[in-house]
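Protein chains in written order, with the working numbering: chain F, 44 to 311; chain R, 44 to 311.
All residues carry an ideal CB built from backbone N, CA and C; glycine is no exception.
To keep things clear, I will list the structure first and then write my remarks on it.
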């Protein structure tokens, strides 16, 4: 069993509730990697017998750092239309809400299609780039093979401000795993905090809210398989303790699999 | 009373529930303008006695077109930390969930700040531009004064595809109203559907999910007052019935008040 599948495994309790647990393999500095939290919430809807269609939108709000150990997810399809379905989810530890989420699922039909944002062209292939140095990194970073074209974790935190926080990175699960909606949701949270890139200074940070729009369907994910995806991210604004970023995840064929944004808090 | 305040007015029922109603002033083609739906959901948290701090993130999922008439909002602060608060909200008509939402509020503190995305420079002032033509437009468009620098509603829908869907627009409430968090939430939904701009073809559309990050605090909103804000929006991807857009709302002083994104469905 791939460690990612262990991280998102859920055992049903009743029609709405299921039980999961954090795993050391995806531990972060405090609590688990937020990408696996997003993925396990989406997985609660994906695995539900009432599920209709595929994910279109997922928003996860991180209400507190998860404690290591067991949690429960409450997943309710509050509205099911002919081709769309609306989910409300909560992740609980004891009586405390640790995360809230909503998701929209839909059955897609073929229509006119076009990409307005285009993938960066002429990038070095992943195998020509060194793998990100994992020294002193928390366990979850070891669960990804990251090859940075630009904007990796700064090698020195000397407080010299950098003019932008643009990142381009080839990334895949480590060991390789065929991509699916849950792992794509997690991949959207693998961008290092933009505030580290801008400030070259380590300050307390944490994701407050993460929203991902899924543009991939099952066929696009199948074509991608376990190849690296191309991730791109940059900051928008950093202001009085909160900053946001926008990102894209492209397939090996340069199709947009997902667009993603998040707001983080930071101190100082 | 400004028509916007009528549109977001809520009468408390109990600790969690309040009652509101759609207003003809903000009617759209079918049901009310989605911006007022977002605003009234945010307002349910803003006006709640348990509210802590100001909005940081708001996600609204539109589960169905609202029927004209009364609705109820269920608003629950499911987690309150020292400086942050997490809300789960639903808008109901009868026994049906018409919209779900989550919001994160926080008490901000002064920190290092920087803007990475910058406002477009050298734009014509709003008073030098013609007001958007309101002929054949639904009532809600009449509630805004829109002056397009580029990317207004196409004058001809002849099916000639346009290479991009970039919009820049000066916009304010009509009649003028001092901006607040609720009206800013609504302003973030005033961009016309990107698919109309790209395709120059009218097809059925509707917002599925809208997420806004608030970068303004009370002082920035007070400085803005009732002046026009500068809105910017563009499409990301249009694919098999769903497309997303990203937008920014800038103050008259070119500070980012909010960043916003949404995913819409479209037919054909």
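Whose Cβ in chain R lies nearer than 7 Å to the Cβ of residue 91 of chain F?
In chain order: nothing, as chain R lies at least about 16 Å away.
Is the separation between the beta-carbon of residue 189 of chain F and that of residue 250 of chain F shorter than 8 Å?
no
Assumed close pair residue 288 of chain R, residue 278 of chain R - CB separation to whole angstroms, cut-off 8 Å:
5 Å
For residue 20 of chain F and residue 220 of chain F, what's the separation of their Cα atoms in angstroms?
Only positions 44 to 311 of chain F appear in the structure, and residue 20 of chain F is not among them; the question remains open.
Is the shortest distance between the beta-carbon of residue 61 of chain F and the beta-carbons of chain R less than 8 Å?
Among the CB atoms of chain R, none fall inside 8 Å of the CB of residue 61 of chain F.
Consult DSSP for residue 106 of chain F and reduce its assignment to one of helix, strand or coil.
coil
Should residue 272 of chain R be flagged as near chain F, meaning a C-beta pair shorter than 8 Å?
With 8 Å as the cut-off, residue 272 of chain R does not count as an interface residue toward chain F.
Taking only three categories from DSSP, how would you classify residue 141 of chain F?
strand
Answer with buried or exposed for residue 223 of chain R, where buried requires no fewer than 16 other C-beta atoms within 10 angstroms of its C-beta.
Here residue 223 of chain R is buried: its Cβ has 16 or more other Cβ atoms, across all protein chains shown, within 10 Å.
Spatially closest choice to residue 84 of chain F from F:202, F:44, F:93 and F:51, by CA coordinates
F:51
At what residues does the beta strand (DSSP E) containing residue 113 of chain R begin and finish?
113 to 123
Check whether the region 125 to 134 of chain F touches the region 232 to 248 of chain R, taking contact to mean three or more Cβ pairs, one atom from each stretch, closer than 8 Å.
Judged by pairs of C-beta atoms under 8 Å, the region 125 to 134 of chain F does not touch the region 232 to 248 of chain R, as fewer than three such pairs exist.
Under a three-way DSSP split, which group does residue 183 of chain R fall into?
helix
Among R:109, R:156, R:192 and R:58, nearest to residue 77 of chain R - alpha-carbon criterion
Closest option to residue 77 of chain R, Cα to Cα, is R:109.
Euclidean distance between Cα positions of residue 137 of chain F and residue 148 of chain F:
The alpha-carbon atoms of residue 137 of chain F and residue 148 of chain F are separated by roughly 29 Å.
Can you look up residue 158 of chain F in the DSSP assignment and give me helix, strand or coil?
strand
Determine the burial state of residue 216 of chain R: buried for a count of at least 16 other Cβ atoms within 10 Å of its Cβ, exposed for fewer.
Label assigned to residue 216 of chain R: buried.
Quick one: is residue 140 of chain R near chain F, going by C-beta distance under 8 Å?
yes
On the criterion of 16 or more Cβ atoms from any shown chain inside 10 Å, does residue 62 of chain R qualify as buried, or is it exposed?
exposed
Short CB-CB distance (under 8 Å) between residue 258 of chain R and chain F
Chain F has a Cβ within less than 8 Å of the Cβ of residue 258 of chain R.
Within chain R, the residues that residue 319 of chain F reaches when beta carbons sit closer than 7 Å
Any answer about residue 319 of chain F is impossible in this case: the structure gives chain F only from 44 up to 311.
Going by the beta-carbon positions, is the gap between residue 300 of chain F and residue 272 of chain F smaller than 8 Å?
Between residue 300 of chain F and residue 272 of chain F, the C-beta spacing is below 8 Å.
Are the C-beta of residue 223 of chain R and some C-beta of chain F separated by less than 8 Å?
no
Is the beta carbon of residue 96 of chain R closer than 8 Å to that of residue 150 of chain R?
Contact: yes.
Would you kindly work out how many angstroms separate the C-alpha atoms of residue 102 of chain F and residue 86 of chain F, rounded to a whole number?
13 Å
Give, in chain order, every residue of the region 98 to 127 of chain R whose Cβ lies closer than 8 Å to some Cβ of chain F.
99, 100, 102, 104, 106, 107, 121, 122, 124 and 127
Nearest by alpha-carbon distance to residue 176 of chain F: which of F:88, F:263, F:46 and F:198 is it?
When only C-alpha atoms are compared, the closest one is F:198.
Nearest CA to the CA of residue 82 of chain F: which residue from F:44, F:73, F:92 and F:69?
F:69
Residue 146 of chain F to residue 48 of chain F span [Cα, whole Å]
Rounded to whole angstroms, residue 146 of chain F to residue 48 of chain F spans 20 Å at the Cα level.
The beta strand (DSSP E) that contains residue 272 of chain R, what's its start and end?
Per DSSP, residue 272 of chain R belongs to the beta strand (DSSP E) from 272 to 282.
Residue 281 of chain R versus residue 118 of chain R: straight-line alpha-carbon distance, rounded
33 Å
Within 10 angstroms of the Cβ of residue 294 of chain R, are there 16 or more other Cβ atoms? Answer buried if so, exposed if not.
buried
Residues in its own chain within less than 6 Å of residue 166 of chain R by CB, not counting five upstream and five downstream?
192
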